[in-house]
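Chemist: Sharing a structure with you now.
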Amino acid sequence: MSVCPRTCLWTAHAMAAAGDRTLDLFGGPKTPWNDLRWTDADDRVRGGRSFSLFIGEGGPIRFVTFSGYLDTAALAAPDGKTAAFASHRTIDGYQPPDLSGYDALVLDVPRSDGKTYTLVLKDVVAAKRLDGRETSTLSWEHDFHCPGHQGSGRVVLRFSDFKPFYRGKRVPNAGELDRRKIQRIAIMMRSFFGEQEGDFALILLSITAYRYRPKSTTGPLGLSSEGGVLTEKGGQQDIKGRRTRFLACLVPGWLRKRKQK
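When the sequence shown is numbered by my numbering, its final residue is 260 and no position is left out of the sequence of numbers.
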């Protein structure tokens, strides 16, 4: 299967008119998902045993399932707390459009397991060390929670609500996220020091940048400017008849077999 060069996907985004209220980043007819442009970043780099999968479905890909297993035993500290995590991020070389004119990211989530996830943005990515490991840089993070349901939900994450962290610790007086040059986007499942563990699965239909109309707290999609989760009745046609994929991701036996490989 031929793969379009990395720059092709983002060029289409950059051509969006300045007056547009939304900008598709992932998902949709013009910017279909490409799971080959995402890679895993799990706690196995620190000796853990958690893992994550990022599987696209449809032709072209209409949605992706982010799933896996969070193992809190391998990295447990003497006090019982653990910092296990499993994530997928965009590959190196990712260059999104300038998002400085947008107020929020909107995640269209047709299915969720009810657990808390984290969206991570980076505006600086340092060169790798000589041993191939990543050099730590500041991350801008926003946790979100979608109740498990059969319909669809939109998760609104305002850029102003993303918080700066360095190696898991909150950083005061870190300035602001530079939306002009975001270098990396990641979605993460983490233990929150023992609050979450085991199987997880989340379906993503799209990720869109959103700008509110001037002098208005809600836009044409009816999204509150305060962010949060909006749920809608009814299921998404794009995943109708494919819900077995989501259920399969939650079968412990299947996940444990994959984890042991």
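We put the beta carbon where it would ideally sit given N, CA and C, even for glycine. These numbers were taken from a predicted model, which means no experiment stands behind them.
Using only alpha-carbon positions, find the residue among D70, L120, D23 that is nearest to S159.
Modeler: Working through the sequence shown from its first residue, we reach residue 159 at position 160. The option with the nearest alpha carbon to S159 is L120.
Chemist: Starting from V105, follow its DSSP beta bridges and name the residues at the other end.
Modeler: Counting from 1 along the sequence shown, the entry for residue 105 is found at position 106. DSSP output for V105 lists V155, T207 as bridge partner(s).
Chemist: So, at 6 Å on beta carbons, what are the nonlocal neighbours of S49 in its own chain, with the 5 sequence-adjacent residues on each side left out?
Modeler: In the sequence shown, the residue the question calls residue 49 occupies position 50. So the qualifying residues of the chain are D41, D42, L69, D70, A83, A85.
Chemist: Please return the same chain residues whose Cβ sits closer than 7 Å to the Cβ of L176, not counting the five positions on each side in sequence.
Modeler: Translated into positions along the sequence shown, residue 176 becomes position 177. Excluding residues within five positions, the ones whose Cβ falls inside 7 Å are L120, D122, W139, F158, F161.
Chemist: Can you tell me the Cα-Cα spacing of K127 and I186, whole angstroms?
Modeler: By one-based count along the sequence shown, residue 127 stands at place 128. By one-based count along the sequence shown, residue 186 stands at place 187. K127 and I186: Cα-Cα distance of roughly 21 Å.
Chemist: Determine the contact status of D107 and A200, defining contact as a CB-CB distance below 8 Å.
Modeler: Here residue 107 is taken as the residue at index 108 of the sequence shown, counted from 1. Here residue 200 is taken as the residue at index 201 of the sequence shown, counted from 1. Not closer than 8 Å, so no.
Chemist: Taking the alpha carbon of F53 as the reference point, which residue from E133, G47, R36 has its own alpha carbon closest?
Modeler: For the purposes of this step, residue 53 is identified with residue 54 of the sequence shown, where counting begins at 1. Checked all of E133, G47, R36; the closest Cα to F53 is R36.
Chemist: Taking DSSP as the reference, what is the three-state secondary structure of R179?
Modeler: Within the sequence shown, the letter at position 180 stands for residue 179. DSSP places R179 in helix when its eight states are reduced to three.
Chemist: Among F143, G57, D39, G47, whose alpha-carbon lies nearest the alpha-carbon of G27?
Modeler: As a working mapping, residue 27 is identified with position 28 in the sequence shown. The shortest C-alpha separation from G27 is found at G57.
Chemist: Would the beta-carbon of L104 fall within 8 Å of that of L137?
Modeler: What you label residue 104 is simply residue 105 of the sequence shown in a count that begins at 1. What you label residue 137 is simply residue 138 of the sequence shown in a count that begins at 1. No, the Cβ-Cβ distance between L104 and L137 is not below 8 Å.
Chemist: When the Cα atoms are used, what is the spatial distance from L204 to F65?
Modeler: For the purposes of this step, residue 204 is identified with residue 205 of the sequence shown, where counting begins at 1. For the purposes of this step, residue 65 is identified with residue 66 of the sequence shown, where counting begins at 1. Cα-Cα distance, rounded: 11 Å.
Chemist: Any idea if K114 is buried or exposed, counting beta-carbon neighbours within 10 angstroms, 16 or more meaning buried?
Modeler: To locate residue 114, count along the sequence shown from 1; it is residue 115. K114 is buried by the Cβ-count criterion.
Chemist: Tell me where the beta strand (DSSP E) around A85 begins and ends.
Modeler: Along the sequence shown, one-based indexing puts residue 85 at 86. Here the beta strand (DSSP E) through A85 covers 84-89.
Chemist: Mind pulling the alpha helix (DSSP H) runs of 4 or more residues that sit fully within the stretch 36-67?
Modeler: If we require 4 residues or more, the stretch 36-67 turns out to have no alpha helix (DSSP H) run fully inside it.
Chemist: Can you find the residues in the same chain that come closer than 6 Å, C-beta to C-beta, to A13, ignoring five residues on each side of it along the sequence?
Modeler: On the sequence shown, residue 13 is found 14 positions in, with the first residue counted as 1. Note that A13 has pLDDT 31, beneath the 50 cutoff, so the model's placement of it is unreliable and the number below is only indicative. Counting only Cβ-Cβ distances below 6 Å, and skipping sequence neighbours, we find P96.
Chemist: Which same chain residues end up closer than 8 Å to S190 when comparing Cβ atoms and leaving out the 5 residues on each side of it in sequence?
Modeler: What you label residue 190 is simply residue 191 of the sequence shown in a count that begins at 1. The residues are L69, T71, T81, A82, A83, F84, E196.
Chemist: Below 8 Å on the Cβ atoms is my guess for P59 versus I202; work out the distance and round it to an integer in Å.
Modeler: In the sequence shown, residue 59 corresponds to position 60, counting from 1. In the sequence shown, residue 202 corresponds to position 203, counting from 1. Wrong, their Cβ atoms sit about 16 Å apart, outside the cutoff.
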